[in-house]
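Read in order, the letters of the sequence shown are residues 159 to 473 in the working numbering. The C-beta atom is built at its ideal place from N, Cα and C for all residues, glycine as well. Since the model is a prediction, treat every value here as computed from it, not as a measurement. Notes follow the structure.
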Amino acid sequence: MSNFIKTQKQKFLKILMTIEKVIKALGLKIKSSRRGRPKKFKLSHIIACFVYKVKNKINSFRELEYKINEDEEFKKAIGIEKSPDHSYFSKWAKVIEEGYIEGIARILVREIVPQTKVCAIDSTPLRSSRGDKEAEVGVCVSLGFYNGYKLHVLATVEDEVIPIVWWLTRANIHDSKVVELLYEAKIFGPEVILADAGYDCAKWFEVADRLEIKFVAAVNKRNSKDFSNVKNILRVKNMEFLRSEEGQRLYKQRTKIERLFGKLKGEYNLEQIRLRGFRTYKRHVDWIMITYLIEVYIQKIENCKFSFKYTWNNL
159 MSNFIKTQKQ KFLKILMTIE KVIKALGLKI KSSRRGRPKK FKLSHIIACF VYKVKNKINS
219 FRELEYKINE DEEFKKAIGI EKSPDHSYFS KWAKVIEEGY IEGIARILVR EIVPQTKVCA
279 IDSTPLRSSR GDKEAEVGVC VSLGFYNGYK LHVLATVEDE VIPIVWWLTR ANIHDSKVVE
339 LLYEAKIFGP EVILADAGYD CAKWFEVADR LEIKFVAAVN KRNSKDFSNV KNILRVKNME
399 FLRSEEGQRL YKQRTKIERL FGKLKGEYNL EQIRLRGFRT YKRHVDWIMI TYLIEVYIQK
459 IENCKFSFKY TWNNL
């Protein structure tokens, strides 16, 4: 066995053990019928296959079934003789995504134990297929007008950059419209949330203030051509804080979330222009985020320092 194959096998063994730990914490399992043959696959096998799909940039369940059947080392690593059928993947993907994906993410975040005192929120454009009828036209600085979706992420930025909340919307939803995301963020206890100028509106500051979170956003000059005319006291305090030495030092940490998007797009293939349909794209995004959290958790238990380096640069 070559060193590369041995390393890959060990990696998927660690992934499987992590998945089994999460499943146990959630109290999940595939129920066996009293009649017929016993189930061949555990829930941990199915989730491990979905992680394999992400790591190998596989686009469909049919392709996933074929690739797994060709990969003897992966099958040995997770303890299966053959791949589940593509229809079986489809069935369980729907069950997991509708009922358990949020719980899986929260347990992984809890196990990673990130420092949530300072977080950042931002969005990134995700282009989809030209024939995607569910997508909408959006606009961003890097692409101009594009057809697709938008991923909104709240991540820790103080030490490790860990996504703790994420929403997928259509591309025409402006950043300022997803203020409800703050209520989900409150669960993790952030004290400060950093944002770019797209979030500089009174509603975000007011909701954050009610939740006892300090919201720091870059000043949107379109909304504040004359700073002296800004009437919202929370926005005025934000402007004053950004001028201070402490505010400038703290705000520099916001750019870490942009590096997270770069890693997710570069290493995990987050933007997939061949996909079409909101549900399909959401599935793609959710499993990438779960895979990222699993890998960060494994790095944590191995005492590896957090890094934005791509996997192939760490070999």
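Please state whether DSSP places H332 in a helix, a strand or coil. Numbered from its first residue, the sequence shown carries residue 332 at position 174. H332 falls in the coil class under three-state DSSP.
What residues match up with I351 in a beta bridge as DSSP calls it? For the purposes of this step, residue 351 is taken as the residue at position 193 of the sequence shown. Looking at the DSSP assignment, I351 forms a beta bridge with C277 and F373.
What do you reckon, are the CB atoms on K458 and I238 nearer than 8 Å? As a working note, residue 458 is residue 300 in the sequence shown. As a working note, residue 238 is residue 80 in the sequence shown. No, these two residues do not count as a Cβ contact at 8 Å.
Tell me the DSSP bridge mates of W325? On the sequence shown, residue 325 is found 167 positions in, with the first residue counted as 1. H310.
Residue interval of the beta strand (DSSP E) (run including R316): Position 158 of the sequence shown, counted from the start, is the residue given in the question as residue 316. In the sequence on display, residue 316 carries Glu and not Arg. Segment: none, E316 is in no beta strand (DSSP E) and carries neither H nor E.
Chain-order list of residues whose beta-carbon lies under 7 Å from that of I331 (same chain, five-residue window excluded): As a working note, residue 331 is residue 173 in the sequence shown. Only K308 meet the Cβ criterion.
By how many angstroms is the C-alpha of S202 removed from the C-alpha of E221? Residue numbering aside, residue 221 sits at position 63 when the sequence shown is read from its first letter. Residue numbering aside, residue 202 sits at position 44 when the sequence shown is read from its first letter. Computed Cα separation, rounded: 20 Å.
Is it a yes or a no for the segment 170 to 179 touching the segment 426 to 446, going by three-plus beta-carbon pairs under 8 Å? no
Cβ shell of D333 (< 6 Å), same chain only, five flanking positions each side left out: Numbered from its first residue, the sequence shown carries residue 333 at position 175. Closer than 6 Å at Cβ, skipping near neighbours: S281, G356 and Y357.
Across which residues does DSSP place R285 in a beta bridge pair? Looking up residue 285 in the sequence shown gives position 127. Paired residue(s): G306.
Can you give the Cα-Cα distance for K379 and E260, rounded to whole angstroms? One-based indexing of the sequence shown puts residue 379 at position 221. One-based indexing of the sequence shown puts residue 260 at position 102. One C-alpha to the other measures close to 36 Å.
Strand pairing of E294, partner residues [DSSP]: Within the sequence shown, numbered from 1, the residue matching residue 294 stands at position 136. In the DSSP output, where bridge partners are listed per residue, E294 has G306.
Proximity of T284 and L428 at Cβ, strictly below 8 Å: As a working mapping, residue 284 is identified with position 126 in the sequence shown. As a working mapping, residue 428 is identified with position 270 in the sequence shown. Reading off the sequence, residue 284 comes out as Leu, not Thr. Taking 8 Å as the Cβ cut-off, L284 and L428 qualify as a contacting pair.
Using DSSP with H/G/I as helix, E/B as strand and the rest coil, what is I461? Residue mapping note: residue 461 aligns to position 303 of the sequence shown, counting from 1. Reading off the sequence shown, one finds Asn at residue 461, where the question assumed Ile. Looking at N461 - three-state DSSP - the assignment turns out to be coil, as it is neither helix nor strand.
Whole angstroms are fine: how far does the CA of Y409 sit from the CA of I351? In the sequence shown, counting from the first residue as 1, residue 351 sits at position 193. In the sequence shown, counting from the first residue as 1, residue 409 sits at position 251. Approximately 10 Å, taken between the alpha carbons.
Is D290 buried or exposed, if buried means 16 or more other CB atoms sit within 10 Å of its CB? Residue numbering aside, residue 290 sits at position 132 when the sequence shown is read from its first letter. Counting Cβ neighbours within 10 Å, D290 comes out buried, since at least 16 surround it.
Out of curiosity, what's the CA-to-CA distance linking G347 and K240? Residue mapping note: residue 347 aligns to position 189 of the sequence shown, counting from 1. Residue mapping note: residue 240 aligns to position 82 of the sequence shown, counting from 1. Whole-angstrom Cα-Cα distance: 44 Å.
According to DSSP, is N217 helix, strand or coil? For the purposes of this step, residue 217 is identified with residue 59 of the sequence shown, where counting begins at 1. In the structure shown, N217 sits in coil (DSSP, three-state: anything other than H, G, I, E or B).
Spatially closest choice to S248 from E223, G424 and K233, by CA coordinates: Within the sequence shown, the letter at position 90 stands for residue 248. Per the Cα distances, E223.
Between the C-alpha atoms of V212 and Q430, what's the straight-line distance to the nearest angstrom? Indexing the sequence shown from 1 puts residue 212 at position 54. Indexing the sequence shown from 1 puts residue 430 at position 272. Computed Cα separation, rounded: 12 Å.
Taking the C-alpha atoms as reference points, what is the distance between C449 and N396? Start at 1 with the first residue of the sequence shown, and residue 449 comes out as number 291. Start at 1 with the first residue of the sequence shown, and residue 396 comes out as number 238. For clarity, residue 449 is Thr in the given sequence; the question names Cys instead. Spanning the two alpha carbons is a distance of roughly 36 Å.
With 16 as the cutoff for other CB atoms within 10 Å, does E231 come out buried or exposed? Position 73 of the sequence shown, counting from 1, holds the residue named residue 231. Classification of E231: exposed, given that the 10 Å Cβ count is below 16.
For P196, the three-state DSSP class (helix, strand or coil): To locate residue 196, count along the sequence shown from 1; it is residue 38. Summary for P196: the model assigns pLDDT 47, below 50, so the residue's position carries little reliability; its value from the coordinates is reported in the next sentence. Here P196 sits in coil by DSSP.
Hey, would you say I320 sits closer than 8 Å to V374, going by beta carbons? Residue numbering aside, residue 320 sits at position 162 when the sequence shown is read from its first letter. Residue numbering aside, residue 374 sits at position 216 when the sequence shown is read from its first letter. No, Cβ-Cβ distance for I320 and V374 is not below 8 Å.
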